[in-house]
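So the protein sequences, as listed, match chains A, B and C.
In the numbering used here, each residue's number is its place in the first sequence (first place is 1) plus 28.
In the numbering used here, each residue's number is its place in the second sequence (first place is 1) plus 44.
Numbering follows the numbering used here, in which position 346 of the third sequence is assigned residue number 339; successive positions increment by one, without gaps.
Glycine included, C-beta positions come from ideal geometry on N, C-alpha and C.
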Amino acid sequence: MTDSATTPPRQPMAALPGGEVTEGGPMLAADGRPLKHSLNRALRREKLRAFLLVSPLLIFILVAFVAPIADMLFRSVENQIVSETLPRTVLALREDENLPEAAPGEPVYEALYTDLFIAAEYKTHTRLGSRLNYESTGLSSLFRGTGRDVGRFDTDIYTDQFIEAEPALEDPVAWSNWMADDDIRAALPQTADVWDAWVKLTVEANEDDPLEEDVEDFVYAALYRDLASGAAPAGFPDVDVSGFETVSIKALFEESDEDWVDPEVWQVIETYSPAYTDGYFLNSVDMMNGPDGGAEWRPEDEQIYLKLFWRTMWMSLAITVSCIVLGYPIAYLLSTLPLRSANVLMILVLLPFWTSLLVRTSAWKVLLQQQGVINDTLVWIGLVSDTNRLTLINNATGTMIAMTHILLPFMILPLYSVMKTIPPSYMRAAKSMGANDWTAFWRVFFPLSIPGIGAGSILAFILSIGYYITPEIVGGTSGVFISNRIAYHISSSLNWGLAAALGSILLALVLTLYWLYDRIVGIDNVKLGG
Amino acid sequence: MANGSSSEAFVEFERVQKSYDGEKLVVKDLNLSLPKGEFLTMLGPSGSGKTTCLMMLAGFETATHGEIRLDGKSINNIPPHKRGIGMVFQNYALFPHMTVGENLSFPLEVRKLGKSEREKKIARALDMVQMGEFKNRRPTQLSGGQQQRIALARALVFEPELVLMDEPLGALDKQLRETLQFEITELAHRLGITVVYVTHDQTEALTMSDRVAVFDDGRIQQLAPPDELYEKPQNSFVAQFIGENNTLDGVVEEIGPNSCLVRLDDGELIDALPVNVTDVGQRTRVSIRPERVESNIERLHPDAHTLPAVVQEFIYMGDTFRTRLKVAGHDDFVMKTRNAPDQPRLKPGQEIRIGWLPEDCRALDP
Amino acid sequence: MNITRLLTASTALVATATIAGAEAHSEMADEMTIVSWGGAYQQSQLKAYVEPYQEMHPEVTITWDESSAEAVAKLRAQNEAGNVTWDLVDATAADAMRLCDEGLAMEIDPDEDLAPAPDGTPASEDFGEEMLVSDCFIPQIAYSYTFGYRNDVAEWDGKQPESVCDVFDTETFPGQRSLEKRPHNNLEWALICDGVPYEEVYDVLETEEGQDRAFAKLDTIKDETIWWSSGADTPQLLADGEVVFGSTYNGRLFSLIVEQDQPVNMMWDTQSYDLDGWIIPEGLDEASLARVKDFLYFATDTQRLADQAKYISYGPARKSSAPLVGEHAELGIDMAPHMPTNPENSEGAFVQNYEWWADYRDDLDAKFQAWLAQ
């Protein structure tokens, strides 16, 4: 941060000696320039210096923190994959009026044929399938399966008929000449578009020379559509297509998979065709884009995120509170002990930091499970019967216990460092004035330790909201947090958009809570130490 | 050395001992009693046990042995908050999360006083220290001197009969300290309260107190009014600790009731007043205040013994001259003379003779 | 042997088919990063494939990365960053399918890239359709999810469970169970034990009612179930006596029962087959790719796959490897009876439908998690 206040503005030496006032004019420096200018110039150097000093950190923060967060926010709404993979289909869908009652008309399938053919060559169709499968089950295999078929669609009847009618149409060199002619391109818009895509594909994906390759069927299909609609450009072979045998591409798609004529499938494609979507965010709050385009609740048996957000919040709060309850007395003891004994105790406090997660988790299991040490002891004492052993792990209790243990140091350290700065004479003064131990503590010591509680709570709460390894291991099903779902979508389902949306909501929640805290307690009331 | 108990003693320490570790005594057999209304200062170097005594009186430390009495009652087992003793701390110990008014209100609230009564007492206490208009400020918005005035007001607001002050002026600059020294003594005498004041600053002790208890090594070395302490130190520790002092070592050669002769280690003979010496042949350390050293030996009794001295350094200090001399092998012997027209300004290297009245040179323990 | 191997290897490389072996060799990268699962499984790969390969090619250094569990996400991240640092990744069939769909894994041609069986059967036939589930997937082993149970449970009155449906019978076999915290297998087992024949499982599971039926069956044991997410959980839970039944990978149970000698028995009934194998990340440079293909050609041949079974009880993916499976390298016991593919064990085995799961995993996972959270 380029806070010039942190470096005290030194008086610019050049401007000092000759400071004098000209009549009615500004104060001038020794060299006759206005003093303000000299001062600004001198300060600019200071600022630049300050900026240069912090710039490594600034760059680091930008690269390692701001950029990923921005990327996450972007991902949570980004949805260009549909319009990028199926550009023509998306355009054609806009023209189509059959949805949502019936499957779209032939032009949409013609566009889809071109798009899917190209996508299959680039192998991007499966990726799109995975993306759309998040919204509607079955689209993954629909795209994968038809991607395999689309190259073998029986559209070569156009190719054969064209070449029979005009053999020159077989020659890729002739094609490239025609397609260099602006008039022909204007008259045959679909053909030109598809030709360009084919050339690009041949060069990029297959690394071939388009002048030596057979022109693909879908180019002839496009040509047929252009010519059938009455185009007759000068300089292009005059072929009469009125007698051509035709094929319904819609039928070909239906043949490949009958889901292609399911209006619901098309509804999903249309809903997610814009470049940006609120779908991920809706999903994050257990909603979805309904068939009528409006947001609606997901089926009850798929609602989980709101529940998890709520659970994450209250459990984090409960963990924070138990950290305060357990940590406060320890911190108090630490702050009153002589330094040497305090250090020994501090090592015990810091021990959780030094043990690996694996060791700690195993320890928790050994301790907490039903055949574990705690239950065994309770049964042995007779507090619990052997058949009614307590369930202390693989549920919310397990998460609470383990997380409290892990986060305790984060509570104790700020508490300790704040308590350490409260002079013992305050308590003595209070007692000398007639306050008993409790009053002295409650009226004097406790209020002064609140900044430590604040800092510790913020640390523990925010860390706990984002924790996922421990809840995953000891939380069972009722003790997992929203971060576990985020981790799942990042590493397992690969639904990064949803993970990003969940993460963004979590971030917003944390910031809101922080803001609330600032409003209620005041953020300058947070101290990590003296 | 220390006074024994008296019938009108308000605060009394009787054979009090204190040890923290069970091996070493920090307070050894302390006997002290002070009457109501006295301003007593405990003076001594750090670690001498003075603060421990204060804390035992306040109740924050317990005596290992012996009894402490307040107004005739033993308070050994009374917790601090029931002793009703006001206390002022070195770092003021004002509660930063409360305003000045709330700070003063605190002792009244725990005594469950009504609001109007509290207000009245707070106003009175603040006026007493001329801080009336600062009631709603926070301690951090006040200067050190102002904070200490508030701390004082807070210690007095519940009208204790005994107030303890633990180096209350230690953190202030000299001028402020002098002003407050005066204010505190004046206030204490006006209110008639008993004050036990701890300091390591001898000037403070001398200017403020009715009596001073000089602490060293866990014992009271001397308990006396300031003038007596300065003029008639009972032992060489007190002599050296209070004020500036020259010391010379030697052996008692002749001894009478009011004077003795001491043969210094380099062979010179001097006059002295026997204080801690009783027999001829005893080793002794004599102590002479710099301002009692006379360089104009004609002013002395003709029989007086004099010493040769070589001027090492002459410092002009305005109202006085300070001359460092080499005497009997020591070159840190200091002579202070008033700046008077007839007083010669000595030059380094100059050889002179010096002497003193026998009663100004006290023969103490070695 | 060495030279002929080199020549065979180079014929496998389309571009260098006509160039002399030595030259082809010089175009191969000398470093290779292999991603695997760590632990005993990775050890078996080291012993069976990597060490023999390095013996032949001492110049090759191999770096292991134990990230297979997060392979899909990491590979995607590497791909997005434009810096793929892995050369060969061990992945489950389902992951391989997803990587292939995402364009993150390279398509391979089994007959061209993989060695034929010793009798000349082409690789595609030797592995077979059921193993080559994705165009990018090079199968190594067949493993199975199956149940282990404690054989010393007093409450069972000496009865031993025989079928997977005994897991759902909490009256005859009381005690805690452990199941994986994923819908896979659990839903299938639930339906099978609810009376659905094997071949209809996925048809039923496709319907809303079928899903409800599966969840309803799981509901009957939900309160007695600990849900695991790491393969090491169930063996530990079984060993501690914390659960009486637990599903996990058969190899984990093998080491629990045979190597650690715990009072646990294996239940092969309705074991659910899964596959594990290699994928080559998309976007390798030519030299690295040449090395990887050379290594793969060697590491997936009949003998190597059979060798792996000496170290771990997973079935080799090639049909031709099965007769070559020998004894455990250290314990000296015959490994064949411990293979999930052993005829005696594979009777009643169930085969997961990866293609189906690719479609339904998002939907069913949401339902499964919501069900768990209830």
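Asked	Found
Proximal chain A residues relative to N289 (chain B), where beta-carbon distance stays under 9 Å	Neighbours of N289 (chain B) on chain A: none; closest Cβ ~34 Å, over 9 Å.
Among C:Y242, C:A280 and C:S37, nearest to E24 (chain C) - alpha-carbon criterion	C:A280
Cβ neighbours of A257 (chain B) in the same chain (closer than 6 Å, five flanking residues each side left out)	M86, I264 and L267
Within the segment 258 to 304 of chain B, ranges of the beta strand (DSSP E) (whole runs, at least 3 residues)	263 to 268 and 290 to 299
Simplified DSSP state of E123 (chain C), which is helix, strand or coil	coil
Those residues which DSSP pairs with D210 (chain B) across a bridge	B:V242
Closer than 8 Å: A292 (chain C) CB and nearest the ligand ATP heavy atom	As far as ligands go, the structure on display features none, and thus does not contain the ligand ATP.
Per-residue burial, V401 (chain A) [other beta carbons within 10 Å of its own, 16 or more giving buried]	exposed
Boundaries (first-last residue) of the beta strand (DSSP E) holding R366 (chain B)	T364 to V371
DSSP state of G14 (chain C) mapped onto helix, strand, coil	Residue placement at G14 (chain C) cannot be trusted, given a pLDDT of 40 that sits under 50; what the coordinates show is reported in the next sentence. If DSSP states are grouped into helix, strand and coil, G14 (chain C) belongs with the helices.
is_contact[N161 (chain A), chain C] using C-beta, thresh 9 Å	yes
Run of the beta strand (DSSP E) containing Y136 (chain C), from where it starts to where it stops	I131 to R143
Cutoff 8 Å; reference L170 (chain A); Cβ partners in own chain excluding five residues on either side	G157, D285, D287, W288 and V293
First and last residue of the uninterrupted beta strand (DSSP E) at M260 (chain C)	V257 to I272
Chain-ordered neighbours of N75 (chain B) on chain A, where CB pairs are closer than 9 Å	Under the 9 Å cutoff, chain A gives no residues; its nearest Cβ is about 24 Å from N75 (chain B).
Amino acids of chain C, ordered along the chain, whose beta-carbon sits closer than 7 Å to that of Q108 (chain A)	Here the premise fails: no neighbours, minimum Cβ distance about 14 Å.
Range covered by the alpha helix (DSSP H) that runs through P200 (chain A)	P200 to W206
Integer Cβ distance of F337 (chain A) from Y248 (chain A), believed to fall under 8 Å	That pair is no contact at about 55 Å.
Cβ contact check for the segment 140 to 154 of chain C and the segment 252 to 262 of chain C: 3 or more pairs under 8 Å	yes
Cutoff 9 Å: A13 (chain C) Cβ touching any chain A Cβ	Unreliable positioning characterises A13 (chain C) in this predicted model, as indicated by a pLDDT of 37, which lies under 50. The coordinate reading is nonetheless provided below. No - not a single Cβ of chain A is within 9 Å of the one on A13 (chain C).
Nearest-angstrom beta carbon gap, A98 (chain C) and L92 (chain C) [assumed within contact, 8 Å]	4 Å
Closer than 8 Å at the beta carbon, the chain A residues around A137 (chain B)	P451, S453, Y454, R456 and A457
Stretch-stretch touch, CB-based, cutoff 8 Å, three pairs: the segment 203 to 223 of chain B with the segment 94 to 102 of chain B	yes
Beta-carbon contacts of V324 (chain B) that lie in its chain and below 7 Å, excluding the five residues immediately before and after	V296, E297, E298 and I299
Nearest neighbour of A41 (chain C), chosen from C:L81, C:A322, C:D358 and C:N335 [CA to CA]	C:A322
When B:E205, B:R193, B:S331 and B:I314 are compared against D171 (chain B), the one with the closest alpha-carbon	B:R193
Pick from B:K68, B:R59 and B:L317 that is closest to R74 (chain B), judged by C-alpha positions	With the sequence shown as reference, residue 74 (chain B) is identified as Leu, and Arg is not the correct amino acid for it. Nearest C-alpha to L74 (chain B): B:R59.
Helix, strand or coil at D31 (chain A) according to DSSP, with G and I counted as helix	The pLDDT assigned to D31 (chain A) is 41, lower than 50, so where the model puts this residue is not dependable; a value taken from the coordinates is nonetheless given after this. In this structure, D31 (chain A) counts as coil in the three-state DSSP scheme.
Cβ of Q180 (chain C) within 9 Å of any chain A Cβ	In the sequence as displayed, the identity of residue 180 (chain C) is Leu instead of Gln. L180 (chain C) does not count as touching chain A.
As assigned by DSSP and simplified to three states, the class of H433 (chain A)	helix
One or two residues paired with I27 (chain C) in a DSSP bridge	C:W57 and C:L81
Neighbourhood of A256 (chain A) by C-beta, 6 Å cutoff - its chain only, sequence neighbours within 5 removed	V269
Chain A contact for F104 (chain B) (CB, 9 Å cutoff)	yes
One or two residues paired with A353 (chain B) in a DSSP bridge	B:V371 and B:I396
Within chain C, partners of Q397 (chain A) - CB distance below 7 Å	D233 and E235
Inter-residue Cα distance where the pair is W223 (chain A) and A250 (chain A)	9 Å
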